[in-house]
Amino acid sequence: MTRTTSTARTSEPQAAAPPPVPGPGGEQAPAASWVVSLLVLIVGMFMSVLDVTIVNVAIPAIQDDLGTTTEDVLWIATAYTLTLGVVVPLSSWLGDRFGLTRTYLATLLGFSAGSALCGLAWSLGSLIAFRVLQAVPGGILPVVTLTMVYQIVPREKIGIAMGMYGLGIVFAPAIGPVLGGYLVEHTEWRLIFYINVPVGILGAVAAYLVLPDSGRGPRRPFDLLGFLTIGFGLFAVLLAFQQGEDWGWTSYPVLMLMIFGLLSLATFVVIELEVAHPLLDVRVFRHRAFTNSLLLLSILTTGLFSVLFYVPVFLQQGQGLTAFEAGLRILPQALVVAVLMPIAGRLYDRIGPRPLAVAGFAISAYGTYLLCGINPDMTHGDVVLWTCVRAAGMGLAMMPVMTAGIASLPTEKVNEGSALNNVARQVAGAMGLAVLTALASAQQTQAIADRAALLPAGTTTLPVLGPPGADGVDILGMYAVVQRTQLDALASSYSDVFLVTALITVLGALLAIPLRSGPAHGSAPAAPEL
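In the working numbering, the protein residues as written are 15 to 544.
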């Protein structure tokens with residue numbers, strides 16, 4: 015198997031495919047070795063993405079063990095997300111400065127070390143500090159991995175490769191609640207961090223032995239002003255959306271964070287257009303296919319995190335399941351994605367991204383609409399069916415959208431495209447979930463008020479749970495009515511959230527229509543086998 019070089023690309027303006035990357039000893043890495051190299055890369059990326067959701071399940075256990083408040087303990091997740099937003103833009107420069115392979119090895123070992131420190135934390139303050147240290151390599155890993163995929167994999171096999179790579183992006187967050195719930199229930203919360211240490215060390219050893227030496231990119235000075243402006247801008251905007259519900263969306267801190275954050279991001283764009291060596295070349299947004307893919311990816315990410323957050327929460331609050339049991343209810347959807355993403359990769363090489371993306375968004379929108387039926391009396395089968403239908407659409411659409419966007423860029427811009435790709439996912443996940451949570455909170459309050467208004471004026475008694483003919487207010491009866499009213503209001507608010515998400519997903523299907531259809535120009539359809 016050899017790499018093919020594309021000499022004419024009209025539908026995807028892209029530079030010729032790079033030659034095989036030299037191996038550690040300087041020799042050319044055989045093309046057939048890309049499968050093994052890809053599997054090694056997926057391990058590291060999978061671990062960093064998994065950590066985002068696996069920790070969320072353990073937050074109540076951490077709160078009890080460290081003796082802190084709910085508001086304070088949530089900073090474990092918030093600090094990690096904010097740090098990711100700051101460090102991701104660094105990935106492109108680090109990959110060029112030190113080489114992608116060396117950067118991958120360093121960040122993988124750094125993530126393992128940060129995980130070990132988190133497991134050793136003795137207080138909430140130390141745990142938050144160690145989470146920040148863990149997030150620095152954790153934010154760089156996915157960017158470097160995606161760039162290396164495009165360097166290692168033959169161009170005609172990129173669809174299959176991205177199908178395998180995409181499993182980490184979608185499957186890891188879905189498996190996190192299950193694994194985290196099991197570890198918390200049957201061991202202790204520290205193990206969710208310790209488990210990363212042996213996996214990271216073994217992954218680093220495998221990467222050192224298997225991955226080709228990518229060499230260093232063009233030596234360019236560090237764009238300090240660009241880093242400061244985008245770092246502060248993303249930090250401020252993400253913090254505003256993370257804390258908007260608690261601080262108040264119209265409160266002075268939130269408004270100031272939003273204003274200064276957006277001004278900082280605008281300043282970043284101006285700086286990057288003027289400097290000779292930008293931290294991130296924002297001119298990549300001139301490629302409409304890439305910009306469109308970021309919008310589509312943001313829609314998919316928002317929908318993914320809404321399901322992974324609201325469904326398990328309702329299963330625990332509305333049906334009394336444990337975190338592990340709730341995770342098991344949504345595990346089948348992860349298996350559906352695991353099956354369909356590699357299939358979508360094979361089809362991408364043959365029919366292009368448009369049919370897969372349009373069909374995937376349409377199916378995902380229908381599955382999200384089915385989730386509008388969420389209620390306290392829904393069955394296990396209902397949850398599995400609704401989430402699996404939605405996951406089928408996600409499995410078809412995610413890889414074609416991501417691959418089509420990166421493939422539309424010149425080869426030398428893939429590193430910047432990978433960084434912006436991950437920034438879009440991080441920002442969309444945090445902002446989308448924050449906005450939907452605010453919507454759910456407002457709708458729940460309104461639903462409770464509407465149900466209270468249905469009681470006749472002057473009502474002082476509630477249904478009695480007791481012998482026929484009993485008079486007065488029964489405490490158990492009152493509690494049952496109030497509890498059921500709250501659950502119905504919660505279900506109604508989540509139903510509204512899924513309806514909004516479904517409508518946004520329909521918009522995604524329309525935005526996917528301009529994507530390319532058919533095999534890439536200058537490339538023959540891929541053979542079925544690897």
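Quick reminder that beta carbons are idealized off the backbone N, C-alpha and C, glycines included.
Between the CA atoms of residue j and residue i - distance to the nearest angstrom
i: residue 361; j: residue 173; result: 8 Å
i: residue 145; j: residue 410; result: 33 Å
i: residue 528; j: residue 517; result: 19 Å
i: residue 148; j: residue 154; result: 11 Å
i: residue 426; j: residue 247; result: 26 Å
i: residue 316; j: residue 70; result: 17 Å
i: residue 190; j: residue 439; result: 17 Å
i: residue 396; j: residue 462; result: 25 Å
i: residue 78; j: residue 138; result: 11 Å
i: residue 509; j: residue 388; result: 6 Å
i: residue 530; j: residue 378; result: 20 Å
i: residue 430; j: residue 264; result: 35 Å
i: residue 99; j: residue 245; result: 7 Å
i: residue 337; j: residue 453; result: 24 Å
i: residue 5; j: residue 170; result: In the structure as shown, the chain begins at 15 and stops at 544. Residue 5 is therefore absent and cannot be evaluated.
i: residue 320; j: residue 515; result: 8 Å
i: residue 80; j: residue 444; result: 26 Å
i: residue 150; j: residue 403; result: 35 Å
i: residue 211; j: residue 74; result: 23 Å
i: residue 96; j: residue 131; result: 19 Å
Residue i versus the options, residue with shortest Cα-Cα distance
i: residue 368; options: 348, 392, 310; result: 310
i: residue 178; options: 253, 238, 412; result: 412
i: residue 162; options: 392, 283, 71, 53; result: 53
i: residue 391; options: 115, 248, 505, 118; result: 505
i: residue 330; options: 317, 344, 319; result: 344
i: residue 348; options: 249, 406, 151, 60; result: 406
i: residue 59; options: 130, 499, 185, 270; result: 185
i: residue 108; options: 233, 220, 259, 193; result: 233
i: residue 585; options: 47, 508, 449; result: Past the boundaries of the shown model lies residue 585; the chain is included only from 15 to 544, so the question cannot be answered.
i: residue 375; options: 94, 141, 520, 151; result: 520
i: residue 418; options: 115, 305, 48, 263; result: 305
i: residue 269; options: 282, 280, 255, 281; result: 255
i: residue 235; options: 80, 338, 112; result: 112
i: residue 358; options: 434, 180, 64, 157; result: 180
i: residue 283; options: 222, 446, 242; result: 242
i: residue 433; options: 308, 324, 252; result: 308
i: residue 143; options: 120, 90, 95, 253; result: 90
Proximal residues to residue i (C-beta, below 7 Å), its chain only, five neighbours per side dropped
i: residue 292; result: 237, 240, 286
i: residue 566; result: Lying before the first or after the last residue shown, residue 566 is absent from the chain, which here runs from 15 to 544.
i: residue 354; result: 406, 409, 410
Same chain, Cβ closer than 6 Å to residue i, five either side skipped, listed in chain order
i: residue 512; result: 382, 385, 386
i: residue 442; result: 312, 315, 316
i: residue 122; result: 58, 214, 217, 218
i: residue 501; result: 332, 390
Rounded distance between the beta-carbons of residue j and residue i, thought under 8 Å
i: residue 416; j: residue 351; result: Contact flag wrong, Cβ pair sits at about 14 Å.
i: residue 423; j: residue 289; result: With 8 Å as the limit, residue 423 and residue 289 do not qualify as a contact, their Cβ atoms being about 20 Å apart.
i: residue 133; j: residue 208; result: 4 Å
i: residue 68; j: residue 193; result: 6 Å
i: residue 187; j: residue 318; result: 7 Å
i: residue 526; j: residue 372; result: 5 Å
i: residue 76; j: residue 66; result: Actually they do not touch by this definition, with Cβ atoms about 15 Å apart.
i: residue 118; j: residue 158; result: 5 Å
**Request:** Would you mind listing the alpha helix (DSSP H) stretches within the segment 118-206 that are 4+ residues and don't spill past its ends, in chain order?
**Result:** Within the segment 118-206, the complete alpha helix (DSSP H) segments at least 4 residues long are 138-166, 172-200, listed from N- to C-terminus.
**Request:** Would you list, in sequence order, the uninterrupted alpha helix (DSSP H) runs of no fewer than 4 residues that lie entirely inside the segment 372-451?
**Result:** Runs found: 394-421.
**Prompt:** Enumerated in chain order, which unbroken segments of the alpha helix (DSSP H) with a length of 4 residues or greater are wholly contained in the segment 324-379?
**Reply:** Unbroken alpha helix (DSSP H) runs of no fewer than 4 residues, entirely contained in the segment 324-379, are found at 337-365, following chain order.
**Request:** Mind listing, in chain order, the continuous alpha helix (DSSP H) runs of no fewer than 4 residues lying wholly within the segment 53-96?
**Result:** Within the segment 53-96, complete alpha helix (DSSP H) segments of at least 4 residues are found at 84-87, given in chain order.
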